[in-house]
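Protein chains: 2
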Amino acid sequence: MKQTLRMFDLAGAHEDVRFSPNCWRTRLALAHKGLPVQTVAWRFTEKDAIARSGQGKVPVLVAGEQWLHESWDIAEYLEDHHPEGPSLFGCANGRATARFVNQWASDVLHPAIARVVVPDIPAALHAKDQEYFRTTREAAFGRSFETIAGEREPALAALRQTVTPLRNLLQHQPYVAGAAPAYADHAVFGAFQWARIITPLALVAPDDPVAAWVDRMLDAYGGLARRARLAYAA
Amino acid sequence: MKQTLRMFDLAGAHEDVRFSPNCWRTRLALAHKGLPVQTVAWRFTEKDAIARSGQGKVPVLVAGEQWLHESWDIAEYLEDHHPEGPSLFGCANGRATARFVNQWASDVLHPAIARVVVPDIPAALHAKDQEYFRTTREAAFGRSFETIAGEREPALAALRQTVTPLRNLLQHQPYVAGAAPAYADHAVFGAFQWARIITPLALVAPDDPVAAWVDRMLDAYGGLARRARLAYAA
């Protein structure tokens, strides 16, 4: 029996602007599994709403009495508890190596994209999140938003260098997971969707194989990601 | 019927010093499949010996009339032509995501390790390779070996940063491919084995999860990699 899943999903000033890379991983994994989900708009400062998860970040997935967090752990939960849907990993080896891809995206790609998009995030945020966001992110970066904004051009060049292994991979196969998208794609694409929702700036050149893959991912799952509301159009 | 496989394997001044990261990928993949191989010591300048492969780099695997090259393509060949041995990838999704790991190792990890180990390579090389190696590598780096040697300390710090996703992954699982090593491990470990054979310098701190994984890989396949002759002990 399918229970109704609920997911706390980071939202901007407009509640339909959903821009978290980690939440997008989970949205795509749910779509991959064919699992309907009721998303709940959530802002950074609404820690109380997700306190039952035992921590303060989204995605948080509520499955009956279980409050799950961490996008990777949620993906493993979905794979293990919903074997009836298409596999997110293919096999145990596929799961393990997808975790490397996921880790690369979190540890290398997210910081590289953040240096490009962070200056545009405040314009998308709800008023009550402004102070929290600036304080936590400036501490993480060790410099002000104004300084980061001034480094955008070298940050973009560095990002295009950072995606080299992804670019070279996509010259051989249409998706990170092979012939069709799976969680290795969700893990990486979440970051590109984050950037796309926040800024009209092109992260990669139009003729970059990464751009064509982003386009395919926007079309996947009935165009789920393409339909997302953009912050700068809101 | 198993045919005898032959592999051209990069050798140093001493013919038992085999230090190519890409050749180690293939050696481990062959061991994983349980396929015996006759390796042929080969030096950089012996292009004629492998001309039938249509290019000038090793590994080159000779399987009957076929001359295969490129470590990734050889791995796929072994997986497809020797389904009787343990799988290198587990499934199609595992193969595709292992290719990302392989690409990351080639595009990101190899250059980062090269900046640390290249100054020690000439001491390991056969006399006839000295000029070729210096000319091609100094052109690739855009600076002299002496300059690279002077940058070793920051190069080592950068390398330890580069392996962040590998380090974080290995805090969750013993091998890149999960519970047991497979090609995703061979693809990455080849580079650590290259460094280990060339230099006694520790690439990572002893308490780094990467160091413990390197140790497990040295023990894998009956200690194949651990038995390798070290250039500085030769």
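Quick note, the sequences are listed as chains X and F, same order. Residue numbers are given in the numbering used here: position 89 of the first sequence equals residue 102, and the series is strictly consecutive. Residue numbers are given in the numbering used here: position 11 of the second sequence equals residue 24, and the series is strictly consecutive. Glycine included, C-beta positions come from ideal geometry on N, C-alpha and C.
Next item on the list: Kindly indicate which residue of 33(F), 21(F) and 20(F) has the alpha-carbon position closest to the one of residue 243(F).
Entry: 33(F)
Next item on the list: Decide if residue 245(F) is buried, meaning its Cβ has at least 16 other Cβ atoms within 10 Å, or exposed.
Entry: exposed
Notebook entry, point to check: Taking just the CA atoms, how far does residue 78(X) sit from residue 134(X)?
Noted result: 33 Å
Note to self: So with CB distances below 7 Å, who are the chain F contacts of residue 35(X)?
What the structure shows: Simply none; closest approach about 15 Å.
Next item on the list: Identify the continuous alpha helix (DSSP H) that holds residue 127(F) and give its terminal residues.
Entry: 123-130
Item checked: Same chain only: Cβ atoms within 6 Å of residue 128(X), ignoring 5 sequence neighbours per side -> 168
Notebook entry, point to check: So, is the C-beta of residue 117(X) closer than 8 Å to a C-beta in chain F?
Noted result: yes
Check: Taking 8 Å as the CB-CB cut-off, is residue 113(F) touching chain X?
Finding: yes
Margin query: Under 8 Å, CB to CB, which of the residues in the segment 170-190 of chain F have a partner in chain X?
Written below: 177, 178, 179, 181, 182, 185, 186, 188, 189 and 190
Item checked: Beta-carbon spacing of residue 101(F), residue 195(F) below 8 Å -> yes
Next item on the list: Specify the secondary structure class of residue 53(F) as computed by DSSP and reduced to three states.
Entry: strand
Check: If residue 99(F) sits next to residue 45(F), beta carbons under 8 Å apart, how far is it from one beta carbon to the other, in whole angstroms?
Finding: 6 Å
Next item on the list: For my contact list, residue 183(X) and residue 226(X) are in at a C-beta cut-off of 8 Å; report their separation, rounded to the angstrom.
Entry: 5 Å
Next item on the list: Enumerate in chain order the residues of its own chain whose CB-to-CB distance from residue 233(X) is below 7 Å, with the five nearest sequence positions on each side excluded.
Entry: 194
Item checked: Other residues of its chain near residue 154(F): CB distance less than 7 Å, five sequence neighbours each side excluded -> 161
Check: Quick one: does residue 73(X) have its CB under 8 Å from some CB of chain F?
Finding: no
Margin query: Between the segment 195-205 of chain X and the segment 137-157 of chain X, can you find at least three pairs of beta-carbon atoms closer than 8 Å?
Written below: no
Margin query: Using C-beta distances below 8 Å, list every residue in its chain close to residue 237(F), excluding the 5 sequence neighbours before and after it, in chain order.
Written below: 40, 41 and 44
Notebook entry, point to check: Roughly how many angstroms lie between the CA atoms of residue 76(F) and residue 16(F), to the nearest whole one?
Noted result: 7 Å
Check: For residue 146(F), does the three-state DSSP call read helix, strand or coil?
Finding: helix
Next item on the list: Could you tell me whether the Cβ atoms of residue 62(F) and residue 22(F) are closer together than 8 Å?
Entry: no
Next item on the list: Determine the extent of the alpha helix (DSSP H) in which residue 75(F) is found, giving its start and end residues.
Entry: Segment 73-76 is the beta strand (DSSP E) holding residue 75(F); no alpha helix (DSSP H) there.
Next item on the list: Taking a Cβ distance cut-off of 8 Å, strictly less, list which residues of the segment 187-214 of chain X are near chain F, in chain order.
Entry: 188, 189, 190, 191, 192, 195 and 197
Item checked: CA-to-CA distance, residue 90(F) to residue 14(F), given in whole angstroms -> Note that residue 14(F) scores 49 on pLDDT, short of 50, meaning its location in the model is unreliable and no value can be drawn from it.
Note to self: Within 10 Å of its beta-carbon, does residue 25(X) have 16 or more other beta-carbons around it, so buried, or fewer, so exposed?
What the structure shows: buried
Notebook entry, point to check: Is residue 191(F) helix, strand or coil by DSSP?
Noted result: strand
Next item on the list: Pick out whichever of 189(X), 136(X) and 132(X) has its Cα sitting closest to the Cα of residue 165(X).
Entry: 132(X)
Checklist line | Boundaries of the beta strand (DSSP E) in which residue 21(X) is found, first to last residue | finding: 18-23
Item checked: Extent of the continuous alpha helix (DSSP H) to which residue 174(X) belongs -> 165-175
Note to self: Bridge partners for residue 31(F) per DSSP, in chain order?
What the structure shows: 24(F)
Item checked: Length of the line joining the Cα atoms of residue 205(F) and residue 51(F) -> 23 Å
Item checked: Unbroken alpha helix (DSSP H) run spanning residue 248(X), endpoints -> With chain X covering 14 to 247 only, the question about residue 248(X) has no answer from this structure.
Next item on the list: Determine whether the Cβ of residue 93(X) lies closer than 8 Å to any Cβ atom of chain B.
Entry: Reference to chain B is not applicable here, since the protein chains of this structure are X and F.
Next item on the list: Kindly indicate if chain F contains any beta-carbon less than 8 Å away from that of residue 86(X).
Entry: no
Check: What is the rounded straight-line gap between the Cα of residue 147(X) and the Cα of residue 107(X)?
Finding: 38 Å
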